[in-house]
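Everything below concerns the one structure shown next.
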Amino acid sequence: MLILKKGRVSIVRYLIKYSKDGEIKFIAHLDLMRTLQKIVKRAELPIEYSKGFNPHMAVSIAQPLSVGVHSKGEYMDVVLSEELEEKYIQDKMNENTPRGIKILDVVKVTKVEGKKQSQAMAIIDAAKYSIKLKLTQEEGIKEILNSICSNEEWNIIKKNKSGEKLVNIKPLVHEFEYEVENSILVISVLIACGSRDNLSAGLLANYMKENIESINKEAFVDIVREEMYAMKDDKLVTLSEFFK
Amino acid sequence: MNKISDDILFKVEKPARYVGGELNCCYKDIESIDIRFAFCFPDVYEVGMSHLGSRILYHVLNERADTYCERVFAPWPDMEKEMREHNIALYALESKDSLNEFDFLGFTLQYEMSYTNILNMLDMSGITIRASQRGEDEPIIMAGGPCAYNPEPLHDIVDFFELGEGEEIMNDVLDVYKKYKGKGKKKEFLREISKIRGVYVPSLYEVSYNEDNTICEFKPKYPDVPSRVVKRFVADFNEVAYPEKMVVPYIEIVHDRVILETFRGCTNGCRFCQAGMIYRPVREKTTATLVEAADKLLKSTGYREISLSSLSICDYSDIRNLIATLIEKNKENHVSISLPSIRIDSFSVDLINEIQKARKTGLTFAPEAGTQRMRDIINKGVTEEKILEAASSVFASGWSTIKLYFMVGLPYETMEDVRGIAELSDKVAGEYFKIPKEVRKRGLRVTTSSAIFVPKPFTPFQWAAQCTMDEAVEKIKAVKYAITSKAVTYNYHESIVSYLEAVIARGDRRICDVIIKAFEKGAKFDGWSEHFNFEIWKEALEECGVDGSFYAYRERSYDEVLPWDFIDIGVNKEYLILENEKAKKAELTQNCKLGCTDCGVNVNFKEGTCFHSALSN
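Sequence order for the protein chains is A and B. Heads up, the final residue of the first sequence is numbered 244 in our numbering, and it's a clean run with no missing numbers. Heads up, the final residue of the second sequence is numbered 617 in our numbering, and it's a clean run with no missing numbers.
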């Protein structure tokens, strides 16, 4: 997190929605971060910097995206030292992106009286994904999926730095739909995302791979993050709507 | 052949190496251009993308409306394995089209140990390795870069070489090509471009050998083909095309910043250094030109760091003003400036002290040799006093880490010279303790590195024998045991790779078969220690009946015909001989800024003025 100069009244925060297209899905989080900073720099926006010998730009990505995943609904926070029109920021940035990134929306984060507005990364609760799995055969796939859906628990071994553990991911899946088209199983899901509860779409895809024999294990799994959501008045709304 | 797919990419290490799409990369409609050019760097993406020359030529070529230049790098072996298994040809990053669909493949030759990668890249695209067997409908293979100054080891791989600076020559060649494209007249095309200054077409020349394996005669096969190939250079470097945009890679590369090329050539005249000879005359860009270029490049790339590039940046005639202007212009921008190489003197230390206020990570100096006698032999032009003075000012300015680069196995070197490396390192460490405790920074570390010297063409040492591996190992040991200070760490390479480098660097046409043989046996990425396999090369040399020591360990006589003698770099051969003779007597030649040393470049090449655009002082 960035520590910005205190006592400045003029700084303005913007929430920027962008896409990371399929052709650059293999670009890792930190590389994307540096690219976003270069876009801001090229666009000559009056970006704020952190203090210190090695000043950092006030650009932060709301939620990292795994290598290999592309997205139609990424978000970042940027802090500018003066107020600019949202449309101007969007156009300026779009003139300066590589072709795999598009700026989709810019929302000024308005100050709420007496309260600090949360960072985008702190409010995310869910994300929508579509996951495409290649099948070796379509037959019997519906039956298998129906039986998976009726299981009480979806248990899978999750590996992390501290070791391996068995986790039940089903409570983290809020919506689950699927269809089969041209030997591809397309799963659309709304799953927990963010700092409170988080399920990686890759892990969910692995669960399907482990439990459905007819998924081609050698093939690449195409995952698109469609949108990210936050709770507002007990309802899930997109991040853009949250700050509008 | 198949196209690259995600099913492959997700399996390999760093797939971002193989996808393109970076900021400022160039896309063109294939229907609306005439010439497809694949710019090939025979090493991995991160290395290739750091190479300034390639970045310049990519944009120079794409400036042409009739030409579409794309980039190709050597796939790392994990990727190669997947591609070969799935029948995917090597492709260019922009269009993802296979290399065999291109008109030209242009390889840049930065180091000899990348040659097997060239062969592998051709092979991965289904292109015939040998130029003499390559078909009319296959791409034309060209090469340039510093190693092209001895083109012979690749004579039957590359159709033609470009000698010298590529900015202009490339356009001349492509203009001619448009006349011939698609007419099935590759031979006629090559014959015509052989008359362009700087172009060398090996198939138009023949070589005969003496009984002792030295060259008897090198001559053109036809009367209209020039017998000497004269290097090309840009006379007015201040006006040369310099891209306003540069591709900005997504992944971190070796030199990830705006690179400003300040001047070409070098005035120091170190006798081991090939770059110091082949890039003459010295030509500068003015501060105004550089400041303007910096401005444009910072805007177009979004980088926040500028690196000032040249062979010896502190020798730029207006260096103080350039740095001050760049700092002043960018003080609100959070842009920093870096100097990749600095000269060993307190002036340079002061300079770097001014621009590196925060991070004092460590400084690197290259005394190259341990004793004064040896430094005089190589004409390094720096005294021990200067070195220690510089070290002292480094420690006084708050650095505590210093790196020292040396060579072992230089011509006329004695064991005493070698032990001098250890002594000098100890003395440098000693300077630290002369600085009061409250001034110097804690944690002294002196890292001394040595490499084994490889004699290169077009240097005063081009006739010298390389020191044998056994001698080199002895010398390295001597340094190791002579170091007394605990603060000094000694790093050394005793790899046999320097021997092979020496074989290829001064090789003739017979080395070509060895390279092909080594490639067939699986050699690739020979510059990477984890991939280098000397056994392969040993077998290849034996099977081709070539004695490597003939090329590496043999001292040549001045009257021997050297494989690269037909190339005219502007510097007279007599000058190189004179310099070698002076080396034997440990006599210095002055820096040519102080007065002309008569190398011949300004007389032989009338269009080239030394110190063009430089401030006179």
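The beta-carbon is built from N, C-alpha and C at its ideal position, and this holds for glycine as well.
Interface flag, residue i vs chain B, CB-CB below 8 Å
i, result
"D31 (chain A)", "yes"
"L2 (chain A)", "Caution is warranted here: a pLDDT of 49 is assigned to L2 (chain A), below 50, making its placement in the model unreliable, and the coordinate value is therefore given only provisionally. No, no contact with chain B."
"Q119 (chain A)", "no"
"D91 (chain A)", "no"
"P98 (chain A)", "yes"
"F220 (chain A)", "yes"
"K41 (chain A)", "yes"
"P55 (chain A)", "yes"
"Y229 (chain A)", "no"
Element boundaries [alpha helix (DSSP H), containing residue i]
i, result
"Y205 (chain B)", "Looking at the DSSP string, Y205 (chain B) is not in any alpha helix (DSSP H); the run it does join, the beta strand (DSSP E), is 205 to 209."
"I123 (chain A)", "120 to 123"
"Y75 (chain A)", "Here Y75 (chain A) belongs to no alpha helix (DSSP H); instead the beta strand (DSSP E) covers 69 to 80."
"A366 (chain B)", "Element bounds for A366 (chain B): not the alpha helix (DSSP H) but the beta strand (DSSP E), 363 to 368."
"I259 (chain B)", "Premise fails: I259 (chain B) lies in the beta strand (DSSP E), 258 to 261, not in any alpha helix (DSSP H)."
"K179 (chain B)", "166 to 180"
CB of residue i within 8 Å of CB of residue j, strictly
i, j, result
"K81 (chain B)", "K3 (chain B)", "no"
"V47 (chain B)", "V254 (chain B)", "yes"
"I378 (chain B)", "R271 (chain B)", "yes"
"D526 (chain B)", "M113 (chain B)", "yes"
"K132 (chain A)", "V221 (chain A)", "yes"
"L444 (chain B)", "E261 (chain B)", "no"
"N100 (chain B)", "K524 (chain B)", "no"
"K195 (chain B)", "D568 (chain B)", "no"
"W463 (chain B)", "Y558 (chain B)", "yes"
"M170 (chain B)", "L61 (chain B)", "yes"
"C40 (chain B)", "G106 (chain B)", "yes"
"Y250 (chain B)", "E607 (chain B)", "no"
Within chain B, the residues that residue i reaches when beta carbons sit closer than 7 Å
i, result
"E74 (chain A)", "In chain order: nothing, as chain B lies at least about 15 Å away."
"F26 (chain A)", "L9, P15, A16, V19"
"Y49 (chain A)", "H334"
Interface residues of chain B facing residue i [CB-CB closer than 9 Å]
i, result
"Q37 (chain A)", "G302, R304"
"E23 (chain A)", "V19, G20, G21"
"T68 (chain A)", "With the sequence shown as reference, residue 68 (chain A) is identified as Gly, and Thr is not the correct amino acid for it. Going along chain B in sequence order, the residues near G68 (chain A) (Cβ under 9 Å) are D6, L9, F10, P15."
Where residue i meets chain A, residues with beta-carbon distance less than 8 Å
i, result
"P75 (chain B)", "By Cβ distance, chain A contributes nothing, its closest Cβ being about 14 Å from P75 (chain B), past 8 Å."
Segment limits, beta strand (DSSP E) that includes residue i
i, result
"K217 (chain A)", "Here K217 (chain A) belongs to no beta strand (DSSP E), and DSSP marks it neither H nor E."
"T447 (chain B)", "445 to 452"
"C69 (chain B)", "67 to 73"
"S307 (chain B)", "305 to 309"
"R36 (chain B)", "35 to 41"
"Y45 (chain B)", "Taken as a continuous stretch (DSSP letters only), Y45 (chain B) belongs to no beta strand (DSSP E), being part of the alpha helix (DSSP H) at 45 to 48."
Below-8 Å beta-carbon distance, residue i vs any chain A residue
i, result
"I4 (chain B)", "no"
"L326 (chain B)", "no"
"E22 (chain B)", "yes"
"I251 (chain B)", "yes"
"V248 (chain B)", "yes"
Residues sharing a beta bridge with residue i, DSSP
i, result
"P220 (chain B)", "B:Y205"
"Y200 (chain B)", "B:F161"
"M228 (chain A)", "A:A127"
"D336 (chain B)", "For the record, residue 336 (chain B) in the displayed sequence is Ser; it is not Asp. Its beta-bridge partners are B:E305."
"T108 (chain B)", "B:G144"
"Y405 (chain B)", "B:S449"
"D105 (chain A)", "A:K17"
"I184 (chain A)", "A:K134, A:E181"
"H612 (chain B)", "B:R283"
"D222 (chain A)", "A:K132"
"M57 (chain A)", "A:Y49"
"I355 (chain B)", "None; I355 (chain B) has no bridge partner."
Partner residues on chain A for residue i, Cβ-Cβ distance less than 7 Å
i, result
"K299 (chain B)", "R42"
Below-8 Å beta-carbon distance, residue i vs any chain E residue
i, result
"C266 (chain B)", "Looking for chain E here will not work: the only protein chains present are A and B."
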